[in-house]
Amino acid sequence: RSLCWLPGKSQIDYKILLLTLKYCMAEYKIGDECCPMCHPGTRVYRHCTAWTSTSCAPCTDSTFNDQPSGREQCSPCTVCDEDLGLKTVKECTHYSDTQCGVLEGHYCINPYMGGCRAANKHTACKPGQFIKQPGTEYTDTVCEDCSDNSYSDGSSMPCKPHTDCESRGLLTVKAGDQATDSECKEKSDIGLSVGIPAAAAIAAIAVIAVKCRRRIKPYTRYEYYIHKYTRVYKIVFIGNEQKKLIVILKTKVGSNLKY
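Numbering (the UniProt record's numbering), first residue to last: 1 to 259.
Shown next as structure tokens:
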């Protein structure tokens, strides 16, 4: 065994000093002692003394130690959290930590030791944009606006050109924008869509006019005077053969006519 540092030994041979330092790099210092480190997959169970070496014990379940150390506890295994966009790529062992990767549709924002500690969802391009560069495991999606006379619902790689209705012998019902295509219709369809409702409206008006004409007959006005005591009642009949309406319009008291 050797000491990690020998204060006051300025005359020590240089080669011996280098060998001593090299040896101590695989040890850890406890008090005045340099104790041998425990191997990966183990932890310190009991520190060394002047007469005994370090005692080591295996890491327990869900813990690991991936390098020689003088630690008394192994490190807890990383849990790949789906809420952080992660999935387990390699299970944890006593010698190595869990390796996490990114879920489908995510990209890593915190790479670590060949794996990932956190991830975000890929950006979804909006209607009117196209996917200029698809997202990868380590990069986000790049979106770009469509140019004039083209459109995209946000899921296509290049924007698609608007349909030219006129070149196909069709009529443009609705012009396209950056998010939707042009809407076309056959010319005959346009005529039918306008002509059929108009014809139906004219026919309905004609039927109503005929029914109304049949129901309406000339009205006749009849006036009668009834004498009772000192009053004279003027009774008017207004109507036709099917319907009569009796209305008392005026009364006459003595020689005066009241309305």
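Just so it is clear, CB atoms sit at the ideal spot from N, CA and C, and this is done for glycine as well.
Counting along the chain, the unbroken beta strand (DSSP E) around Asp145 starts and ends at Val142 to Asp145. Under the three-state reduction of DSSP output, Lys87 falls in the strand class. Among the bridge pairs identified by DSSP, Gln99 is matched with Lys90. Residues Val89, Lys90, Gly114 and Gly115 of the same chain have their beta carbon placed closer than 7 Å to that of Gln99, with the five preceding and five following residues left out of the count. Within 10 angstroms of the beta-carbon of Tyr112 lie fewer than 16 other beta-carbons, which makes it exposed. Cys159 is the residue among Cys159, Glu144, Cys143 and Val142 whose C-alpha sits nearest the C-alpha of Ser150. Considering only Asn65, Arg71, Cys48 and Ser69, the residue with the shortest C-alpha distance to Thr78 is Asn65.
If you draw a straight line from the Cα of Cys92 to the Cα of Cys59, it is about 12 Å long. In the structure shown, Glu72 adopts coil according to DSSP, grouped into three states.
When the alpha-carbon of Arg168 is set against those of Lys187, Asp177 and Ser156, the nearest one is in Lys187.
By the criterion of a C-beta distance shorter than 6 Å, Ser69 is surrounded in its chain by Met37, once the five residues flanking it on both sides are discounted. Shown here, Lys29 sits in a strand according to DSSP, grouped into three states. Residue nearest to Ser55 within the set Asp61, Ser62 and Thr42 is Thr42 (criterion: CA-CA distance). Within the model, the alpha-carbon separation for Thr141 versus Cys35 is close to 52 Å. A residue is called buried once 16 or more other Cβ atoms fall within 10 Å of its Cβ, and Asp97 is buried on that count. In the structure shown, Lys126 adopts coil according to DSSP, grouped into three states.
In this chain, the beta strand (DSSP E) harbouring Arg43 covers Thr42 to Arg46.
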